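**Student:**
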Amino acid sequence: MAEVAVANPLALPSALDPTSARVGTPDALGAHEAPLASQEEATEVLAQPVHDPHVLPTFSRSQSPILYLPPLLSSLPPGVVHPASGAAFASPSAPPPLSTESRLPSIDPASLALHRALHNFHPVTEDYANTSYAEAFNWEELKLPLEEEREWYCVVFRSKRREGSDGGPLYEADKKAHEEAVQNGGLILYWYGTPHPKTSLNLATCIWQSRAHAAAANSRPHHIRAMRLAAASYERYELERYRLRKVKGETRLHVEPYDGGDVGW
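Residues 1299 to 1563 in this note's numbering are what the sequence shown spells out, letter by letter.
#1: Below 8 Å between beta carbons: does that hold for Val1553 and Tyr1532?
#2: Could you say which of Asp1406, His1380 and Leu1402 lies nearest to Ser1373 if we only look at CA atoms?
#3: Can you check the region 1447 to 1479 for any beta strand (DSSP E) of at least 3 residues that lies completely inside it and give the ranges in chain order?
#4: When DSSP labels each residue in this structure, what does His1511 get in the three-state scheme?
#5: Where does His1420 fall in DSSP's three states?
#6: Between Arg1460, Ile1505 and Gln1481, which has its C-alpha nearest Ala1529's C-alpha?
#7: Apply the 10 Å Cβ neighbour rule to Asp1557 and answer buried if 16 or more other Cβ atoms are within range, or exposed otherwise.
#8: Need the endpoints of the alpha helix (DSSP H) that Ser1409 sits in, please.
#9: Throw me the rounded Cβ distance for the Pro1369 and Leu1416 pair, which I believe falls under 8 Å.
#10: Among residues of its own chain, excluding the 5 on either side of Val1545, which ones have a beta-carbon nearer than 8 Å to its beta-carbon?
#11: Using a threshold of 8 Å, state whether the C-beta atoms of Leu1396 and Leu1442 are closer than that.
#12: Does the pairing of the region 1486 to 1502 with the region 1411 to 1429 give three or more beta-carbon distances under 8 Å?
#13: Could you check what DSSP says for Arg1543 in three-state terms: helix, strand or coil?
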């Protein structure tokens, strides 16, 4: 299995250059999405995350061919913190997750445990955009308390950006749609990769507390604008939906294709 390099934020660029190598993908904020652009280069130096996770960092040079940003986790509601027990949130050698400026209005105990586990979420292959969702990420390494039992709703976008498309307006619309989704509740994680150097395919995913939360995000004004801009910006994109299931008495997570009905609450 190829080693996958993670990029570490160092500084904020002044603006997004839509003509650069920062190529975005449709995002997974709901049924029709349009995600953030990707970073240019890697770094071998760990650094503190930037305050605004929607502004792409700059990077020092590296020989690593495949890059991705750390997980982008929704900030917890005011007064809610992770229990100070158990293993560390993430590997000491990995950069800390990014977080949103907006805060979730609420989160249930099982979703709080998932939020903690997702601090260590990352792909396990450089070809994640062309790998099944269940096999593309380190699901088996994410552990939750034995007593928890719950389902969450996952949305995945696989995409290829249209050559020459202007990413500026789409990027800005997606930034607003993401914060809008956090404020309205339910969005736990937003993760996006970078285009594969040979195929130009990319992947973005969101994990929601429920399918109802994801569906509600589709009707929000910033999401609608991002959806319209995405239609003209991508050569191809495919939407996939999954159940992320935690069974009582186990610590691991199960990724299953969505087969209809409600998921989560």
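Virtual Cβ for every residue (Gly too), placed ideally from N, Cα, C. Quick caveat, the model's predicted, so the values are computed rather than measured.
**Tutor:** Looking at the atomic coordinates:
#1: Not a contact, by the Cβ cut-off of 8 Å.
#2: With distances taken between Cα atoms, Ser1373 lies closest to Leu1402.
#3: With a minimum length of 3 residues, the continuous beta strand (DSSP E) runs that stay inside the region 1447 to 1479 are 1448 to 1459.
#4: Per DSSP, reduced to three states, the secondary structure at His1511 is helical.
#5: Here His1420 sits in coil by DSSP.
#6: Comparing C-alpha distances from Ala1529 to each of Arg1460, Ile1505 and Gln1481 shows the shortest one belongs to Arg1460.
#7: The C-beta of Asp1557 has fewer than 16 other C-beta atoms within 10 Å across all chains shown, which makes the residue exposed.
#8: Ser1409 -> alpha helix (DSSP H) spans Pro1407 to Ala1415.
#9: About 6 Å separates the two Cβ atoms, so the contact holds.
#10: Within the same chain, Val1545 has close Cβ partners Glu1447 and His1552.
#11: No. Outside cutoff.
#12: A contact exists between the region 1486 to 1502 and the region 1411 to 1429.
#13: DSSP places Arg1543 in strand when its eight states are reduced to three.
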